[in-house]
Every structure is written in structure tokens, then in C-alpha cells.
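Counting along the sequence shown from 1, when you hit position 75 you're at 1295 in this note's numbering, and nothing is skipped either side.
Okay, so here's the structure we're looking at.
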Amino acid sequence: MKTKVFLITLIVTGLIFVKNLKAEVHEEQAGPVISGFIKDAANGEALIGATVYIKELGSGTVSNVYGFYSLSLAVGTYTIEYSFIGYQKVEKQVVVKDRQTINIELNSNSEVLSEVVINGQRSNENIVNQQMSSISLNAETMKRIPAFMGEVDVLKTMQLLPGVQTAAEGFSGFSVRGGLADHNLILLDEATVYNASHLMGFFSVFNSDAIKDMTIYKGDIPAQYGGRLASLLDIRMKEGNMKNFQATGGIGTISSRLTLEGPVIKDKASFLVSGRRTYADMFLALSSDSLLNDNQLYFYDLNMKGNYIIDQNNRLFLSGYFGRDIFAFRDFFNMEWGNATYTLRWNRLISDRLFANYSFIYSNYAYNMNLNTGGMSNFRWESGIEDYGVKADYNYYLNPNNTIRFGIQGIYHNIDPGHIIPNTGEEAIKMDNNKAIEYAVYLANDHKLSDRFSAQYGLRFSFAHNLGGGTVFKYDENYNVIDSTKYKRGAFYNLMPGLEPRLGATYLLRDDMSLKASYSRTYQYMQLASNSNAGMPTDVWFTASPNINPQYADQVAAGVFKNILNDRIELSAEVYYKDMKNQIDFKDNANIFFNDKLEAEIRTGVAKAYGVEFLVRKQRGQFTGWIAYTLSRSQRKIDEINNGNWYNTSTDKPHNLTLVANYEISKRLSIGANWVYTTGAPTTLPTGRWEYAGVIAPSYSERNGYRLPDYHRLDLSVNYRFNKNDNARFHNELNISCYNVYNRKNPFTIYFEPESRESHKMQAYALSMFGIVPAITWNFKF
1221 MKTKVFLITL IVTGLIFVKN LKAEVHEEQA GPVISGFIKD AANGEALIGA
1271 TVYIKELGSG TVSNVYGFYS LSLAVGTYTI EYSFIGYQKV EKQVVVKDRQ
1321 TINIELNSNS EVLSEVVING QRSNENIVNQ QMSSISLNAE TMKRIPAFMG
1371 EVDVLKTMQL LPGVQTAAEG FSGFSVRGGL ADHNLILLDE ATVYNASHLM
1421 GFFSVFNSDA IKDMTIYKGD IPAQYGGRLA SLLDIRMKEG NMKNFQATGG
1471 IGTISSRLTL EGPVIKDKAS FLVSGRRTYA DMFLALSSDS LLNDNQLYFY
1521 DLNMKGNYII DQNNRLFLSG YFGRDIFAFR DFFNMEWGNA TYTLRWNRLI
1571 SDRLFANYSF IYSNYAYNMN LNTGGMSNFR WESGIEDYGV KADYNYYLNP
1621 NNTIRFGIQG IYHNIDPGHI IPNTGEEAIK MDNNKAIEYA VYLANDHKLS
1671 DRFSAQYGLR FSFAHNLGGG TVFKYDENYN VIDSTKYKRG AFYNLMPGLE
1721 PRLGATYLLR DDMSLKASYS RTYQYMQLAS NSNAGMPTDV WFTASPNINP
1771 QYADQVAAGV FKNILNDRIE LSAEVYYKDM KNQIDFKDNA NIFFNDKLEA
1821 EIRTGVAKAY GVEFLVRKQR GQFTGWIAYT LSRSQRKIDE INNGNWYNTS
1871 TDKPHNLTLV ANYEISKRLS IGANWVYTTG APTTLPTGRW EYAGVIAPSY
1921 SERNGYRLPD YHRLDLSVNY RFNKNDNARF HNELNISCYN VYNRKNPFTI
1971 YFEPESRESH KMQAYALSMF GIVPAITWNF KF
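Structure below.
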């Protein structure tokens, strides 16, 4: 209880600070302010990152994640241009004398009347924006990419971007610039998603029908975010149609989904409910094989969101996600795992210049397993992690050249590493919960220093501490327990501070070309105990402690950005180097399952990752897509592993090439394709074996000393719209896709078996997950 009260005081402190700031701002206000919200005219959804450009000044701003913008201008007459990719621009002649609220609704290009001339030139925001090492994709872009088993997947789309690599064939776990899966912070409406996988990793938990926008930051992570080393994946759900009731959905080979949204009070309150379920278990029931027809394998999830505009200065959002996976093998064995997140947000326009967002966040990931084979082996195993978080974030629009961001945050982690409940009626076996609190305060500024030079700089101060009760063991140099300390429930101990500077700079060579550079330090107080990089439900999170120091990384990056053909094609090249400290790995033959002395299995050291990324992207016209190539290395050095020599991490894949293309043959027919090539993943293989006292054991190569064969595949899709009239009430389309068209047998792992005649000789076999996988999905909207 004390912990939760302490977290809430962070918000109260912020409110008091802002109250004082508001008074100061009111006294020192230098000139008239134009502010407002930019929305989609069709459904009232906020447009994130829409451009507001003052032609007379040659500068402007962009809308924040809630569609809000603010500009401080001198008295005069200005031409203001509002634009967003895929939407019709709006120009307004504005006479500025005093404060004005100008709310803008933009029409998408597909909804513009035929007599309106559409200007094909789009903004060069990717050139002038100070942010680098980040890419945004909207839901419509993701839906045009060939889908695995017909299911559009946010994470698999992201894996086609430069610097991002898949963990394994078919899995949704991913690596960013050489980082591990747990180095990625995944947020859904600000709530942390700890396991983003369905069906053992083959699908992600994100239903594309409920998603509005996705942005991945591969470096230069904004100061308001922290807690992970490699990347931030920020996913925002739709807000719900404020104008009209709408239903969308689809029926596919492996899953079906339905989304309902509409106004509760038109232009004031709306709702969204989106559900999805797979039905592989239904096909299993049709099998004549008794070993298959009594099994279960499926997932379901539900997204919900509501928002209410209290008045022009206040707005509330309540969003939630709930999902579960079920896997059962007859009556002998079953597993169930899933996430639940809830986010309550209050947008408050404190003044024309000061925008605030207060968030109350809950996140839960739970896992359980039942074994019922008879006798003493019958048991139920449960584990999970639960978070309570509060945030207060502020945007202060000082003037067109300075946007200041600041805030305070706190999050309470309660990790249940596992407890076993015997089905024989015996007392449960339970390990101590692992508890910690993370805090952060930050201050940052987007600063335009001149017409050509701008900077983004900030400082984040984070710190964490462990929380009792529980037992902390002390180990000797051989990792044997020599002492222990028992902390009372609620006791604070082991304060771990971290200072995280962020700096980025942009120099505009021309209107269509710029140079960018950035430096950032990030701290990570949570890590994952896993023997797989693919993201499995049995993975266990644990906090930094007196025995495990928090990880931190310094990353520098530089790049050149160029637009050609009247801003229709974007070109970029980025080079980066990342130096990581307190990196963890497990000793050989580590025991990470239900181990209360897990820290004795861990070894720590340093790591480095470096590379260069190239991207060519076209977002408008009949032909769209991108080409991405990454040349990179990722290595680790730990004294007790690999004889203290540098070794490749499991994510070290030097060459990564992706080609993504979509062509609209007509308004009703389009085709899509993507081709992927990566260097084979590192692996450790047996190089021989030895025999002693009749026992035969293998001897292995150096850690990750070999590689699997290179990976490549081609995916194709065809999308046909049945509607001839864009204004029809009911829209439906058919999507036919094929994963791995030329049936490439990409090895998932290598295993060895003795030859039948000579048992002392071993034969290597490659296990492949997927061959060619066709799928068909019927999508509808009304």
C-alpha cells in the first residue's frame, strides 16, 4: 500500500509544479498562440505527426500523439498549411491578433471529390525532423504486405525494416541493432507488453484492425521513454469512430476477427471493441487420429477503448487489452498464458502552450502449466509479472523554435518467478516474489537553432530499487552461497541510479537533404531468463539486484537523408555503434527453470554492436514499398564464457536484405510481394564426443562458433476489392497470400543422431518449421 501511495505522489508533485509553471507562463507570454487538434474528417481519429507549416516563416511544428499542436506567433497575417501523408492538404489564411483555437479535419485522398485537384507533393518532414533511427508505419501500410497464414502482423511487418531482425522462422520475437529480445520495450497505449507472442510465437498479440499507428525507435529514444537498451516499439490503438458506427472484420484460413466502433455521443464520445480468435483446434477435432482429435491449440484476444471529450481542454481515454493462448495435449498436459493491460489517460490543455497527459497503467502477464501423468509428477506451475505505473508528461510550446518536454514517471514491478502446486494435496512450493520500483524524471527540448540547424537534447534521470520481502543470497567467486539476507516486506534496498543523456542534431543541406547525428545512454533494470531468443511463454523476467547490476548502453549514430522525385522517394543511410555494459548470459548447461538461485547461473560482461543501414522507401502512387539492407555485427565478451574471448551473440546476422513492394493494378486489384534474405543465425554445435566409465558425452565448439545455413524466402499476395463504388456502404475484399512461395526449407535448428549401423558416428539433420503456406482471407467493412 505504501508503494502505491508513493507512486501516486509523483503525479501530485507534477501537478503542483505545473500549476506554478502555468502562473509563470501566463505572466511571461510573449505573443498570440494558435493551437488546436488535427483529426481525420471521416472518423474523428487524431492524426499523429501531422505537419503544421507557416509559409511566411519557413517553419512550423507537428502534432503530438494526441493530434495537438501549438504555435506562438507575432501579430500578423500568415498562410498556414496543414498536411499529413495520404491526406488532402488544407491551407488557411490567418490574421493573428490574439490567441486562437483552430481545429482541423483532413480528408484522406480517397475521399476527396473528383473536382478537387490533389497536390502530389508531400512534406519533407523526414528531412527536417530532428528524430533519427525511427520509422513509423500506419495500419493501411501494414495491411498491404503479404501476411503469414493470412494474418496481418505488426511485429512481422516491423521485421522487414532495416536494423530489425527476426529471432527465428515464424516467430514474433525480434532483435534491434544486435540487441536481445528483452532489450525491446513494447508499449500498447503506454502499457508494457511483456510477451507479444501468440501460438508459441508464430503470431503477435496485436490485432491490426485495432491498431492506428506504430513507431519503432532503434536509437535516439526520446527522453520520456526508458527502461530498455535497444529499442522502443510504440503502438497506438484506434480511438473509435466519432462520426458513424462502423464494423470491420475478416474470416481467414486460421483465424477470424471482428471490430465494432462508433459514437456514443457524436463528436464527443466513442467506443471501440475488437476481438479475434484462431480455430486450429476445430480442425484437430475432425482428425481420425485419437492422438490429435482431443487436443487444443488456439488463442483469442480482445481490444477495447473508449474516449470522452469533456470540454475543449480535457479529454479522457480508457483502453484495455486481454488475450490468452491455450495449448492442451489430451488430459495429460496443458498450458495457458496471456497478457492483460489497462490504461487510463487524461489529456489536459493547461494553457495554449502547455499540454499535459496523465496516465495510470496496469500490465499483467501470467503463465500456468498443468501436468497430469499420474503419481507424484502431477502438478500445476504458475508464474507471472504485474506492473502498476503512473506518468505525468508535459509538452510546453515555448515558440516555433522550441518545444519543451518534461515529466515524471514511476512503475512498480511484482514478479512471481514461479510456484508449484502438487495435485496430490501437498503444500505448494513457492519462490519469493521479485519486487522493484523504477522512477524517472526527464527534461528535453526540440530546438531549432537556425533555418538549417536544429537539435533535440534532453536528460533522463532514472533510478530503481529492490523491494522486500525476500531473500538475497551472497555468492563467492565460484558462485556458491556463503550468506543470505532476509528483507522484510516493503523494505527498500539496493538503490540503483542511472543518468541518461540524449542528444540529436540535424543539419539541412538543402530542402531535400539533411545530415543527422545522435547520442544516447539507456539503462535497463529488468531482464529476461530465457534459453530461446524467439520469445517463449516460459521465459521469466527478473530485476537487477545486489548481485546483478543494471545493464546500460551508449549508442552513437549518424546518417544522411535524401528525398528525390519531388519528395516521393526517401533515401537514407545510417551508421551506428553501440557499447553495452553489464551484459548477461547464462553459463553452459544453466538451470533457469524454478531456480531460486538463478543469479548463480548468470555471468556478466560487455558487448558491442555496430553496423550500417540503408533504406529506399516510396509511400505514394500506384507502386509503393521499400528496399532495406543492413550490414552489422553483434558480439559479447564474458570472462567465464568461451574462455574469455569475444563471441557472436545469438542475434549476430551480418547481412539482412528485405524487398517489399505493392502495386495497384487498378482501384480494385493490387498485388504485393516481399523477399527476405539474412545470414544464418549463430549456433553452438558438437564437434566431437568423449567416453568415460561407459558414459558418452558430446564436446562442443566455442560459443556460437557455427552458423545455420542462410535464410531466404519469397511471399506473394493478391487483394481484390469487390466494390466498384468507393461510396458504397458495404465494402468487402478477398486476400490470397502465399508464404514461402518457392518452398525454401530454412533450417530452424540442427540436431544430431547416431547412424543406424555405426553408433559412434553422428549424422546432422536440419529441422525446418515451414514450407509453402497458402492462405485466403475475406475482409469486410460497413
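Even glycine gets a Cβ: it sits at the ideal position worked out from N, Cα and C.
- In this chain, residue 1375 is not harboured by any beta strand (DSSP E); it is covered by the alpha helix (DSSP H) spanning 1374–1378.
- Per DSSP, the beta-bridge partners of residue 1679 are 1663 and 1721.
- Counting the other Cβ atoms within 10 Å of the Cβ of residue 1387 gives 16 or more, which makes it buried.
- Contact between residue 1612 and residue 1584 is ruled out by a C-beta separation of about 23 Å, above the 8 Å threshold.
- The closest CA to that of residue 1987, considering only 1965, 1321, 1582 and 1817, is found on 1965.
- As computed with DSSP, residue 1360 is found in no beta bridge at all.
- A contact is defined here as three or more CB-CB pairs under 8 Å, and the stretch 1575–1590 fails this definition with respect to the stretch 1419–1430.
- Counting along the chain, no beta strand (DSSP E) covers residue 1992, and no H or E run does either.
- C-alpha of residue 1738 to C-alpha of residue 1849: approximately 21 Å in a straight line.
- When DSSP states are grouped into helix, strand and coil, residue 1471 belongs to the strand group.
- Of the residues assessed, residue 1495 falls on the buried side of the cut-off, its CB having 16 or more other CB atoms within 10 angstroms.
- Less than 9 Å divides the Cβ of residue 1998 from the Cβ of residue 1955.
- In the DSSP assignment, residue 1348 falls within the alpha helix (DSSP H) that extends over 1345–1348.
- The alpha-carbon of residue 1699 is positioned some 8 Å away from that of residue 1821.
- By the Cβ criterion, the stretch 1860–1870 is in contact with the stretch 1916–1927, since at least three pairs of Cβ atoms, one from each stretch, lie closer than 8 Å.
- As a beta-bridge residue in DSSP terms, residue 1479 pairs with 1468 and 1494.
- Ranked by Cα distance from residue 1875, the first of 1355, 1834, 1321 and 1315 is 1834.
- Judged by their CB atoms, residue 1569 and residue 1579 are not nearer to each other than the 9 Å cut-off.
- The three-state secondary structure of residue 1820, taken from DSSP, is helix.
- In this chain, the beta strand (DSSP E) harbouring residue 1256 covers 1253–1260.
- Excluding residues up to 5 positions away in sequence, 1519, 1520, 1521, 1556, 1557 and 1558 lie with their Cβ nearer than 8 Å to the Cβ of residue 1544 in the same chain.
- Note: residue 1621 is not bridge-paired with any residue in the DSSP secondary-structure output.
- Here residue 1419 carries a helix assignment [DSSP, helix/strand/coil].
- The beta carbon of residue 1870 sits closer than 7 Å to those of 1753, 1901, 1902 and 1924, all from its chain and outside the five residues before and after it, given in chain order.
- Contact annotation: residue 1295 and residue 1316 have beta-carbon atoms nearer than 9 Å.
- Straight through space, the alpha carbons of residue 1765 and residue 1841 are spaced by roughly 53 Å.
- In chain order, 1831, 1832, 1874 and 1875 place their CB closer than 7 Å to the CB of residue 1851, counting only its own chain and leaving out the 5 sequence neighbours on each side.
- Using a C-beta cut-off of 8 Å, the stretch 1455–1462 makes no contact with the stretch 1640–1656, since fewer than three inter-stretch Cβ pairs fall below that distance.
- With a contact defined as Cβ atoms closer than 8 Å, residue 1982 and residue 1968 miss out at about 19 Å.
- Under the criterion of beta carbons closer than 8 Å, residue 1356 and residue 1281 do not qualify as touching, at roughly 17 Å.
- For residue 1957, the enclosing beta strand (DSSP E) covers residues 1951–1959.
- DSSP lists 1489 as the bridge partner or partners of residue 1485.
- Residue pairing by DSSP places residue 1893 opposite 1881 and 1936 in a beta bridge.
- If one requires a minimum length of 3 residues, the beta strand (DSSP E) runs lying completely within the stretch 1528–1557 are 1534–1549, in chain order.
- In terms of Cα proximity to residue 1325, the closest of 1319, 1310 and 1608 is 1310.
- DSSP places residue 1577 within a strand segment (E or B) once states are collapsed to three.
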